[in-house]
Amino acid sequence: MVAPDSAIVEGSSLRVVEVTKSFLSPDNSDSRTHALDRVSLDIGAGELVSLVGPSGCGKSTLLRLIAGLDSPDSGELRVGSETIREPSAERGLVFQDPNLFPWLTVRRNIEAGLVARGVLREKRNEVDGFMRLVGLETFGAAYPHHLSGGMAQRVALARALINHPKVLLLDEPLGALDAFTRMRMQDEVLRLWEARGATMLLVTHDIDEAIYMSDRIVLMTPRPGRIERTITVDLPRPRQRNSADFLRLRGEILELLHFAGSSQEALPA
Amino acid sequence: MNTALVQAKEPVPPAPASEAPAVRSEVAVPATADGLRIGTLAALPVATLIALAVHVAVSKSEPPIDTRSYTVFLGSVLGLSIIAVLVQPAWAGLRRWMAHMWPILAAFVSLLCTWEAITSGFRLLPLPYFPSPASVLQSLINDRKLLFDSTWHSLFLLGSGYAVGTVVALVTGICIGWFPHARYWGMPLLKVIGPIPATAWVPLAMVVSPSGTVSAVGLIALAVWFPVTMLTISGIANTRASYLDVARTLGAGQKYLILRVAIPAALPNIFIGLFMGLGTSFLTLIVAETVGVKSGLGWYVSWAQGWAEYGKVYAALVIMAVFFSTIMTVLFKVRDRMLVWQKGVIKW
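Chains A and B, in that order, give the protein sequences. All the letters of the first sequence, read from the start, carry residue numbers 10 to 278 under my numbering. All the letters of the second sequence, read from the start, carry residue numbers 1106 to 1453 under my numbering.
Set out below in structure tokens:
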């Protein structure tokens, strides 16, 4: 399990400044839904940050803006010193649905990024390394529909990683997996993160996942989408899911999100 | 079969035929590994024997020169079926094929027998419009050279028309499906021109084009063009947005998005269009040959009809049936090959 070139920091810093984004409401073309309202966020090179919040808080919108798939109404997004204008192989994106190309074998799916950039010939020797990295070296000739959910998501990760992205954007990548596969995959993503040193931004609705994995947790609130608070997770790695500190942090976050349950009157405004 | 890709290392065991995959998906055939039932085994030889007896009985009154070929034909079927029955205990592959084909072949021979009884036997249908199978076979053999030529001409026309139509349709379909400007200008044209049956253009085609062959190729191409274009457009335009998003974050440019995402995603749709186009192209081929080109199977049928040689008409129909279904089968094989990734995703 050796990464192609291990322990190099490939990541680059990410800066979101006062970004606003609204969409036309699908039911009423006159009103607009404010998906993001003056959102600012700074992420250091090689940092792993989670975006947590209820649905409709603009997490996925923010990720699409960073990927360059949409552009903001106002504000600026930068990777390193460059402004984000369009999608780029430097910013990989993994969705909840693996979205593997069903007409390509596992191997060809992983190679897709190299073909798209026209560098397959020079970099073909890296493909085997990435197939090993995600433990799929014997599945190269299989088509995606033969794979389980976890395997398909590993292929999607390898496909995004083969371009050595400076920023890896993960949009609930483990959301559709069962609890056990999910915990195993969390460890795999962490292993990939440590091996590659990419900057990672993880959208999740699973608070345990956010605490277990990230350096910082960004809490967002909906309508309009805003950043409510940022929490630094100071627990040493590898983390224990049942340690006292872990559970204390979990309680705090649930309270902030108004999901703690018992002490309704003690909520902050 | 579906897992063959993953488990390609294991050689397929030759035949503990209890689960013969060829049979599984078809109508349940009461036959399996340990042997075919006597009833199944006897079906074809018995049916052929009856057909032969009927034939000998009814053909006594006719000149032997007209009926000998059919006698030879039925005799060969009888001989081969008896050999097959004798050989099958030692040949599992043949046994599986027989389990699948024997009943249908027996039904076919019985149908021939009924046909002969109705026509030559009881003379229930007026001649010369309804000849017996024996005289159809005789026409087929007598006129084999002209029939072969006609088939060859038809194949040439169909092949060139279908190829031209498909290429043009793919280009227009991909442009209209992908580029909004092409869609704005192209779609109205397509909606107005497309639904006109290609055969309706025959008068214009005969005036405009330099030769009958060119106009026939053009008409067939037009017939193929419309369905293939429509289905290509819908396939390209309905490419899942998330595939395109993923490709763009992998560094894909316009060329990759069209050639390696949109087109493969549209391929299942495109094949539906190709099948529809094949149907309309058969129709157009026969019409074009009947009214314009002076060769080919369509021309042969109307020519033979002009001479009231209905045996030849039916012979040409038999050739057409074989010809068209062979082409259909070829297209199915091409699709199975190109869409191999779909196996197991959808029901074929």
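Quick reminder that beta carbons are idealized off the backbone N, C-alpha and C, glycines included. Predicted model, so just to flag it, every value in this text is computed and none were measured.
- Beta bridge pairing from DSSP links GLU91/A with VAL88/A.
- Put simply, the CB of ASP106/A is near chain B, with a gap under 9 Å to one of its CB atoms.
- Pairing ARG1442/B with GLY1401/B, the inter-Cα distance amounts to about 31 Å.
- Identification of residues in the segment 93-104 of chain A having a C-beta nearer than 9 Å to some C-beta of chain B yields GLU95, PRO96, SER97, ALA98, GLU99, ARG100, GLY101, LEU102, VAL103, PHE104, given in sequence order.
- The three-state secondary structure of VAL1161/B, taken from DSSP, is helix.
- Exclusion of the five residues before and after ASP79/A leaves ARG73 as the residues of its chain whose Cβ lies within less than 6 Å of its Cβ.
- Residue TYR1405/B holds the alpha-carbon nearest to the alpha-carbon of PHE1253/B among GLY1198/B, SER1430/B, TYR1415/B, TYR1405/B.
- Note on ASP36/A: under 16 other CB atoms within 10 angstroms of its CB, so exposed under the neighbour-count rule.
- Taking a beta-carbon distance threshold of 9 Å, THR1354/B counts as an interface residue toward chain A.
- Listed in chain order, the alpha helix (DSSP H) elements of length 4 or more contained wholly in the segment 1403-1444 of chain B are 1415-1443.
- Between ALA1370/B and chain A, the shortest Cβ-Cβ separation is below 9 Å.
- By the C-beta density criterion, MET1335/B is buried, having at least 16 other C-beta atoms within 10 angstroms.
- Nearest in C-alpha terms to VAL1333/B, of all of LEU1379/B, PRO1369/B, ALA1346/B, is LEU1379/B.
- Secondary structure at ALA185/A: coil, using DSSP grouped into helix, strand and coil.
- LEU170/A has its alpha-carbon roughly 22 Å from the corresponding atom of THR92/A.
- At a Cβ-Cβ threshold of 9 Å, PHE1331/B and LEU1295/B count as neighbours.
- Within chain A, no C-beta atom comes nearer than 9 Å to that of VAL1439/B; the closest sits roughly 15 Å away.
- Fewer than three pairs of CB atoms, one per stretch, sit closer than 8 Å, so the segment 212-229 of chain A makes no contact with the segment 129-146 of chain A.
- By the CB criterion at 9 Å, SER1244/B and GLU1394/B fall outside the cutoff.
- Per DSSP, the beta bridge partners of VAL58/A are LEU210/A, ARG225/A.
- Between LEU1217/B and ALA1156/B, the CB-CB gap stays under 9 Å.
- For the segment 115-131 of chain A, the beta-carbon criterion of a distance under 8 Å to any beta-carbon of chain B is satisfied by ALA121, GLY122, VAL124, ALA125, ARG126.
- In terms of CA proximity to TYR152/A, ILE119/A leads the group ASP180/A, LEU179/A, LEU177/A, ILE119/A.
- About 12 Å separates the CB atoms of ASN172/A and VAL1351/B; that is not less than 8 Å, and the two are not in contact.
- In the three-state reduction of the DSSP assignment, PHE1253/B falls in the helix class, which pools H, G and I.
- ALA125/A is positioned such that its CB atom lies closer than 9 Å to that of LEU1355/B.
- By the C-beta criterion, the segment 1160-1178 of chain B is judged to be in contact with the segment 1221-1228 of chain B, since at least 3 inter-stretch pairs fall below 8 Å.
- Among the residues of chain B, none has a CB under 9 Å from the CB of PHE32/A; the nearest is roughly 15 Å distant.
- Pairing SER59/A with VAL28/A gives a Cβ-Cβ distance that is not under 9 Å.
- Nearest neighbour of ARG94/A by Cα position, chosen from ASP82/A, GLN105/A, GLU131/A, ARG47/A, turns out to be ASP82/A.
- Separation of the CB atoms of VAL198/A and SER223/A is rounded to 11 Å, and the pair is thereby denied contact status at 8 Å.
- Inter-residue distance for ALA1268/B and ASN134/A is about 40 Å (C-alpha atoms, whole angstroms).
- In chain order, GLY159, GLN162, LEU183, LEU186 place their CB closer than 7 Å to the CB of MET194/A, counting only its own chain and leaving out the 5 sequence neighbours on each side.
- In the assembly as shown, HIS155/A is a buried residue. Its beta-carbon has 16 or more other beta-carbons within 10 Å.
- Bridge pairing for THR230/A: ARG235/A [DSSP].
- Judged by DSSP secondary structure, SER1174/B falls within the alpha helix (DSSP H) whose first and last residues are 1169-1192.
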